[in-house]
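Residue numbers for the sequence shown follow UniProt numbering, beginning at 4 and rising by one. Worksheet: the structure to be examined is printed underneath.
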Amino acid sequence: IRRIGVLTSGGDCAGLNAVIRAVTHRAVGSYGWKVLGILDGTLGLMDRPLRYTEMDLDLFSGRDLLRAGGTVLGTVNKGDPFAFPMPDGKVVDRSLDFVDGFHRLELDGLVVIGGDGSMRILKQLCDKGSIGMVGVPKTIDNDVEATEYAVGFSTAVNVVTEALDRLQATAASHHRVMILEVMGRDAGHIAVNAGIAGGADVILVPELPYSLEGIAQRIRKVQAEGRSHALIVVAEGVKTLGGEAATVSHSGGQTRYGGIGAYLSERIAEATGTETRVTILGHVQRGGVPSMRDRLLASAFGVHAVDLIAQRRFGRMVAWQNRGVIDVPLEEVCVGPRCLEPHGPLLNAARGLGIYVGEVPP
Ligand code: F6P
Numbered sequence: 004i005r006r007i008g009v010l011t012s013g014g015d016c017a018g019l020n021a022v023i024r025a026v027t028h029r030a031v032g033s034y035g036w037k038v039l040g041i042l043d044g045t046l047g048l049m050d051r052p053l054r055y056t057e058m059d060l061d062l063f064s065g066r067d068l069l070r071a072g073g074t075v076l077g078t079v080n081k082g083d084p085f086a087f088p089m090p091d092g093k094v095v096d097r098s099l100d101f102v103d104g105f106h107r108l109e110l111d112g113l114v115v116i117g118g119d120g121s122m123r124i125l126k127q128l129c130d131k132g133s134i135g136m137v138g139v140p141k142t143i144d145n146d147v148e149a150t151e152y153a154v155g156f157s158t159a160v161n162v163v164t165e166a167l168d169r170l171q172a173t174a175a176s177h178h179r180v181m182i183l184e185v186m187g188r189d190a191g192h193i194a195v196n197a198g199i200a201g202g203a204d205v206i207l208v209p210e211l212p213y214s215l216e217g218i219a220q221r222i223r224k225v226q227a228e229g230r231s232h233a234l235i236v237v238a239e240g241v242k243t244l245g246g247e248a249a250t251v252s253h254s255g256g257q258t259r260y261g262g263i264g265a266y267l268s269e270r271i272a273e274a275t276g277t278e279t280r281v282t283i284l285g286h287v288q289r290g291g292v293p294s295m296r297d298r299l300l301a302s303a304f305g306v307h308a309v310d311l312i313a314q315r316r317f318g319r320m321v322a323w324q325n326r327g328v329i330d331v332p333l334e335e336v337c338v339g340p341r342c343l344e345p346h347g348p349l350l351n352a353a354r355g356l357g358i359y360v361g362e363v364p365p
């Protein structure tokens, strides 16, 4: 191994730069390899001329990548080489361009930092045979299979928890029900983790059906106990009562009914006679300084990913399980997204606290 690449793929999150930093430190500092940072995800390898930048340890003296949010390499959401959307609307297979780009740069390995979708693409590319790659899981949604944590999740949960702390004060002052819409397209990990930590009364997740009566009952109980305000956390992927998606497109923030938060706000005001307000946190959850846990995870993942390349153990993803970093074959990852178990420990804990989390499945 002499030269490797690193790229970030899909939606950004806090901690990506910390992974890039760790990869460079391990590869350049420990192994003496060259590291090329591929720009704008898969595009950097598909575009001609190729787009990349050489990473070296000096880069870190002026730019504090451990602490910086976002990704210095840039990223794109719509960069699937197998189904690439062209400007004229056609979808084409550009995977050969990607593989050719890899060879032109004379890479011996590539670290791909991505979410559930990116890991699928990674597996497809690995299956083509001629390029060696390893994955590092990142996503604020924390829905990548085979890892307990993905980079970015912890920071997002901290942001949501802080938002609930702030909303609680204003909710109490005005005797209102505050609805906080958070990210989480397929899975409610952010909602349930931050909802418990932030003292929510209702937590709605895409995995469980809910009823207006269930929500109203919880609010009436809170009021009967002498508290005139309540906090509700709802994941963006939660459907309307009629089963329709409230968010039509996740890219560009197009919504129906103004999103699920706004939809519920009206229904809950009608059902309870209480004043409601809605806050959509959106991309605030993705930016900012990474938490301690995300920095640790990113650093340990980055080192392990480079070690995998050194051993030529390609087609694997680094993962966090049982208090440590391990690696798993991509086949184990590509069965996701990893969703909440209806009777898993966190939803049960929420129920134990009296939080309404939707209808209890049989
Ligand atoms: O998958 C991560 C995520 O943050 C989702 O929770 C959200 O639906 C989506 O990305 C938004 O992506 P974008 O607005 O960047 O297209």
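C-beta atoms are modelled at their ideal positions from N, C-alpha and C, and glycine is treated no differently.
Which stretch, first to last residue, makes up the alpha helix (DSSP H) that contains Leu127?
Locating residue 127 in the sequence shown gives position 124, where the first residue counts as 1. Note that residue 127 is Gln in the sequence shown here, rather than Leu. Segment Asp119 to Asp130, the alpha helix (DSSP H) holding Gln127.
Can you confirm whether the segment 117-131 touches the segment 301-310 when touching is taken to mean that 3 or more C-beta pairs between the two stretches lie within less than 8 Å? no
Q | Option in Gly8, Met295 and Val94 with minimal Cα separation from Gly40 | A | For this step, residue 40 is matched to residue 37 along the sequence shown. Checking every option, the nearest Cα to that of Gly40 belongs to Gly8.
**OP:** Give me the Cα-Cα distance between Gly112 and Gly92, rounded to the nearest whole angstrom.
**Re:** Position 109 of the sequence shown, counted from the first residue, corresponds to residue 112. Position 89 of the sequence shown, counted from the first residue, corresponds to residue 92. Near 32 Å, if we compare the C-alpha coordinates of Gly92 and Gly112.
Could you tell me the alpha carbon to alpha carbon distance between Gly135 and Thr158, rounded to whole angstroms? Here residue 135 refers to the residue found at position 132 of the sequence shown. Here residue 158 refers to the residue found at position 155 of the sequence shown. If I take the Cα positions, the gap works out to 31 Å.
Note to self: Does Ser133 pass the burial test, meaning 16 or more other C-beta atoms within 10 Å, or should it be called exposed?
What the structure shows: Looking up residue 133 in the sequence shown gives position 130. Result: exposed.
| query | So Arg354 is in the beta strand (DSSP E); what residue range does that whole segment cover? | reply | Sequence index remark: in the sequence shown, residue 354 carries index 351 (1-based). Arg354 -> not in any beta strand (DSSP E); alpha helix (DSSP H) instead, spanning Pro348 to Gly355.
Between Leu207 and Val160, is the Cβ-Cβ spacing less than 9 Å? Here residue 207 refers to the residue found at position 204 of the sequence shown. Here residue 160 refers to the residue found at position 157 of the sequence shown. Not closer than 9 Å, so no.
(request) Would you check if the distance between the CB atom of residue 2 and the CB atom of Ala197 is smaller than 9 Å? (result) What is shown of the chain runs 4 to 365, which leaves residue 2 out entirely.
key: Same chain, Cβ closer than 8 Å to Leu128, five either side skipped, listed in chain order   = Counted from its first residue, the sequence shown places residue 128 at position 125. Hits under 8 Å: Pro84, Ser98, Phe101, Val102, Ile134 and Met136.
Compute the minimum distance between the beta carbon of Thr142 and the heavy atoms of the ligand F6P, and state whether it is under 8 Å. The residue you call residue 142 lines up with position 139 of the sequence shown. The answer is yes for Thr142.
- Query: How close, in whole Å, do the beta carbons of Glu239 and Glu184 come, if the pair is a contact with beta carbons under 8 Å?
  - Reply: Here residue 239 refers to the residue found at position 236 when the sequence shown is read from its first residue. Here residue 184 refers to the residue found at position 181 when the sequence shown is read from its first residue. Their Cβ separation, rounded to whole angstroms, is 6 Å, which keeps Glu239 and Glu184 in contact under 8 Å.
Next on the checklist: Report the start-end ranges of each alpha helix (DSSP H) in the segment 76-161 that is 4 residues or longer and not cut off at the edges.
Outcome noted: 98-107 and 119-130
- Please confirm if the segment 283-299 is in contact with the segment 172-192, defined as three or more CB-CB distances below 8 Å between the two stretches. yes
### Task
Reducing DSSP to helix, strand and coil, say where Gly13 ends up.
Counted from its first residue, the sequence shown places residue 13 at position 10. In the structure shown, Gly13 sits in coil (DSSP, three-state: anything other than H, G, I, E or B).
Verify the contact flag: Met186, CB atom, against every heavy atom of the ligand F6P, threshold strictly below 8 Å.
-> Looking up residue 186 in the sequence shown gives position 183. It does: the Cβ of Met186 is within 8 Å (strictly closer) of some heavy atom of the ligand F6P.
Given 8 Å, three or more beta-carbon pairs between the segment 311-327 and the segment 139-155: yes
Compute every distance between the C-beta of Gln288 and the non-hydrogen atoms of the ligand F6P, then say whether any falls below 8 Å. Stepping through the sequence shown from its first residue, residue 288 is reached at position 285. Correct: Gln288 has its Cβ closer than 8 Å to the ligand F6P.
In whole angstroms, what separates the C-alpha of His232 from that of Gly14? Within the sequence shown, residue 232 is the residue found at index 229, counting from 1. Within the sequence shown, residue 14 is the residue found at index 11, counting from 1. For His232 and Gly14, the distance between alpha carbons rounds to 34 Å.
Exercise for the section: Drop a sphere of 10 angstroms on the beta-carbon of His178, count the other beta-carbons inside from all chains shown, and report buried for 16 or more, exposed for fewer. Expected result: Residue numbering aside, residue 178 sits at position 175 when the sequence shown is read from its first letter. Exposed is the call here.
**Residues bridged to Trp323 [DSSP beta-bridge criterion]** = In the sequence shown, the residue the question calls residue 323 occupies position 320. Per DSSP, Val328.
### Query
What is the DSSP secondary structure of Ala175, counted as helix, strand or coil?
On the sequence shown, position 172 is the one that residue 175 refers to. Residue state, collapsed to three classes: helix.
Beta-carbon proximity of Ala200 to Ala25, cut-off 9 Å: If you number the sequence shown from 1, residue 200 lands on position 197. If you number the sequence shown from 1, residue 25 lands on position 22. Cβ distance not < 9 Å, so Ala200 and Ala25 don't count as in contact.
Helix, strand or coil for Tyr266, going by three-state DSSP, please let me know. Along the sequence shown, read from residue 1 onward, the residue named residue 266 stands at position 263. Three-state result, Tyr266: helix.
Distance cut-off 8 Å: Asn80 Cβ against heavy atoms of the ligand F6P = The residue labelled residue 80 in the question sits at position 77 within the sequence shown. Here the distance from the Cβ of Asn80 to the nearest heavy atom of the ligand F6P is below 8 Å.
Rounded to whole angstroms, what is the Cα-Cα separation between Val205 and Lys37? Here residue 205 refers to the residue found at position 202 of the sequence shown. Here residue 37 refers to the residue found at position 34 of the sequence shown. So the alpha carbons of these two residues sit roughly 51 Å apart.
Go ahead and label Gly18 buried or exposed: buried means 16 or more other beta carbons lie within 10 angstroms of its beta carbon, across all protein chains shown. Here residue 18 is taken as the residue at index 15 of the sequence shown, counted from 1. Classification of Gly18: buried, given that the 10 Å Cβ count is 16 or more.
Alpha carbons only, please: which of Thr45, Arg315 and Thr11 is nearest the one belonging to Asp330?
Against the sequence shown, residue 330 aligns to sequence position 327. Comparing Cα-Cα distances from Asp330 to each of Thr45, Arg315 and Thr11, the minimum goes to Arg315.
Quiz item: For Arg221, is the classification buried or exposed, using 16 other Cβ atoms within 10 angstroms of its Cβ as the cut-off for buried?
Solution: What you label residue 221 is simply residue 218 of the sequence shown in a count that begins at 1. Around the Cβ of Arg221, a 10 Å sphere holds 16 or more other Cβ atoms; the residue is buried.
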